[in-house]
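Protein chains in written order, with the numbering used here: chain A, 1 to 180; chain B, 181 to 360. This report refers to the structure that appears directly beneath it.
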């Protein structure tokens with residue numbers, strides 16, 4: 001049975017549709033499969049309903065949203081819980097602010113070329129953003145600041161989900177956060 | 181070594197100065213002493229800085245403050261962490277809302293007669309409230325709705341801290357949340 005040796009935060013950042021949620025769900029599944037009893041996933045759907053429903057999508061509000069999530073992630077990981085956060089989190093400074101606060105912060109840049117995202121576009125969001133029906137859409141008319149030194153970079157346009165999961169599990173094992 | 185069998189929330193509610201923080205600190209100390217590796221305490225000082233700095237002390241803001249804390253407490257306790265929340269939390273409805281959401285919610289009414297609180301008043305807050313220098317002070321010119329069916333009631337004007345701690349630890353042990 002695998003064991004968590006120290007709580008950690010896996011912070012998935014990247015554009016809408018890049019694969020953050022899919023990947024975090026797979027990691028959660030894997031950790032549970034190897035016997036980790038508690039794993040907490042946080043994403044926009046839950047958090048914006050429960051913790052940050054007062055906030056919109058301006059830079060200040062996006063930053064405050066991420067700050068609150070960061071506080072919760074820190075509490076969980078300080079208590080030994082692997083915490084998986086999947087948020088576009090477009091701004092570098094606030095991501096780094098959270099990095100400073102968390103003991104084991106692992107930034108995972110979930111990259112996919114914009115061209116591919118626009119082609120896939122399963123929810124039609126990029127089309128709407130390009131047509132101007134949605135305003136302030138990250139990557140189209142709102143900025144995304146890629147991480148400068150992420151612990152892990154994943155290109156979901158070329159890597160398989162299995163390979164991506166392997167890469168992340170292998171990283172946290174090598175960092176001695178997880179014992180297999 | 182004692183073990184947590186299931187995460188739980190100890191929710192300490194009561195007037196300012198009634199002894200919520202003291203008691204939650206003692207419970208934290210006790211749980212750590214008997215070998216529980218992780219215990220999380222949440223109180224106004226931390227939470228209002230990190231999670232709810234946008235909020236004031238109106239009824240709506242107090243309720244939203246408690247709601248966010250409740251969400252965090254639920255996350256922690258769902259992950260097996262004993263979570264100790266010390267908040268005046270004057271309104272019944274929002275306390276009950278959190279009770280519904282948390283699996284093991286234990287409401288602890290930390291009672292002390294107002295007369296005694298006004299006599300003790302180590303921070304001089306009651307004096308200021310009575311003199312009208314502080315407005316909206318719970319118990320003086322802002323309401324406090326006592327719990328109707330708290331799991332545990334403590335009268336800090338008559339019980340010793342040791343007895344109070346014993347009463348709480350014995351309760352969670354009997355409820356099979358803690359194994360000694």
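Backbone N, C-alpha and C fix where the C-beta goes; we use that ideal spot for every residue, glycine too. Remember, it's a predicted structure, so these values are computed and weren't measured experimentally.
*Just reading off the beta strand (DSSP E) that residue 107 of chain A is part of, what are its end residues?*
From DSSP, the beta strand (DSSP E) with residue 107 of chain A extends over 105–111.
*Own chain partners of residue 19 of chain A with C-beta closer than 6 Å, once the 5 adjacent residues on each side are dropped*: 110 and 156
*Please report how far the alpha carbon of residue 262 of chain B lies from the alpha carbon of residue 102 of chain A, in whole angstroms.*
Between the alpha carbons of residue 262 of chain B and residue 102 of chain A lies a distance of about 20 Å.
*Just the Cα atoms here: how many angstroms apart are residue 175 of chain A and residue 45 of chain A?*
30 Å
*Going by CA-CA distance only, name the one from B:270, B:258 and B:234 that's closest to residue 328 of chain B.*
B:270
*Cβ neighbours of residue 183 of chain B in the same chain (closer than 7 Å, five flanking residues each side left out)*: 359
*Would you check if the stretch 157–166 of chain A and the stretch 244–255 of chain B touch, i.e. whether three or more CB-CB distances between them fall below 8 Å?*
no
*Should residue 279 of chain B be flagged as near chain A, meaning a C-beta pair shorter than 7 Å?*
no
*Taking 7 Å as the CB-CB limit, is residue 8 of chain A close to chain B?*
Residue 8 of chain A has a beta carbon lying at 7 Å or more from every beta carbon in chain B.
*asked:* Let me see if you follow: with CB-CB separation under 7 Å, is residue 182 of chain A close to chain B or not?
replied: Residue 182 of chain A lies beyond the residue range present for chain A, which begins at 1 and ends at 180; the question has no answer from this structure.
*Leaving out the 5 sequence neighbours to the left and right, which residues in its chain are closer than 8 Å to residue 332 of chain B when beta-carbon positions are compared?*
286, 287, 288, 289, 347, 348 and 351
*Listed by chain order, chain B residues near residue 57 of chain A by CB distance under 9 Å*: Within 9 Å of the CB of residue 57 of chain A, no CB atom of chain B is found; the nearest one sits about 16 Å away.
_Can you look up residue 219 of chain B in the DSSP assignment and give me helix, strand or coil?_
coil
_Please report whether the beta-carbon of residue 27 of chain A lies at a distance below 7 Å from any beta-carbon of chain B._
no
*Do residue 10 of chain A and residue 84 of chain A have their C-beta atoms closer together than 7 Å?*
yes
_To be precise: take each residue of the stretch 118–134 of chain A, compare its Cβ to all Cβ atoms of chain B, and keep it if any distance is under 9 Å. Which residues remain?_
none
_Under the three-state DSSP convention, the category residue 22 of chain A falls into_ = helix
_To be precise: take each residue of the stretch 71–85 of chain A, compare its Cβ to all Cβ atoms of chain B, and keep it if any distance is under 7 Å. Which residues remain?_
71, 72, 75, 76, 79, 80 and 81
*asked:* Considering only DSSP beta bridges, list what residue 4 of chain A is partnered with.
replied: A:178
_Contact defined as beta carbons within less than 8 Å: I believe residue 66 of chain A pairs with residue 39 of chain A. What is the distance between those atoms, to the nearest angstrom?_
Contact flag wrong, Cβ pair sits at about 21 Å.
_Beta-carbon neighbours of residue 248 of chain B, restricted to chain D and to distances below 7 Å_ = Within the model displayed, chain D is absent; protein chains A and B are what it includes.
*Under 7 Å between C-beta atoms of residue 316 of chain B and residue 237 of chain B*: yes
*Counting only the same chain and skipping the five closest in sequence on each side, list residues whose C-beta sits under 7 Å from that of residue 243 of chain B.*
271 and 274
_For the beta strand (DSSP E) containing residue 155 of chain A, name the first residue and the last one._
The continuous beta strand (DSSP E) containing residue 155 of chain A extends over residues 152–155.
*asked:* Just list the residues that DSSP pairs residue 46 of chain A with in beta bridges.
replied: None; residue 46 of chain A has no bridge partner.
_residue 86 of chain A and residue 16 of chain A - do their beta-carbons sit closer together than 7 Å?_
no
*What in chain B is Cβ-close to residue 45 of chain A, meaning under 7 Å?*
Using a Cβ-Cβ cut-off of 7 Å, residue 45 of chain A is close to nothing in chain B; its nearest Cβ partner there is about 13 Å away.
*asked:* Just to check my reading of the structure: residue 88 of chain A and residue 138 of chain A have Cβ atoms closer than 8 Å, yes? What is that Cβ distance to the nearest angstrom?
replied: 5 Å
*For the beta strand (DSSP E) holding residue 267 of chain B, just list the boundary residues, first then last.*
Where residue 267 of chain B is concerned, there is no enclosing beta strand (DSSP E), given that its DSSP letter is neither H nor E.
_Secondary structure of residue 158 of chain A, DSSP reduced to three states_ = coil
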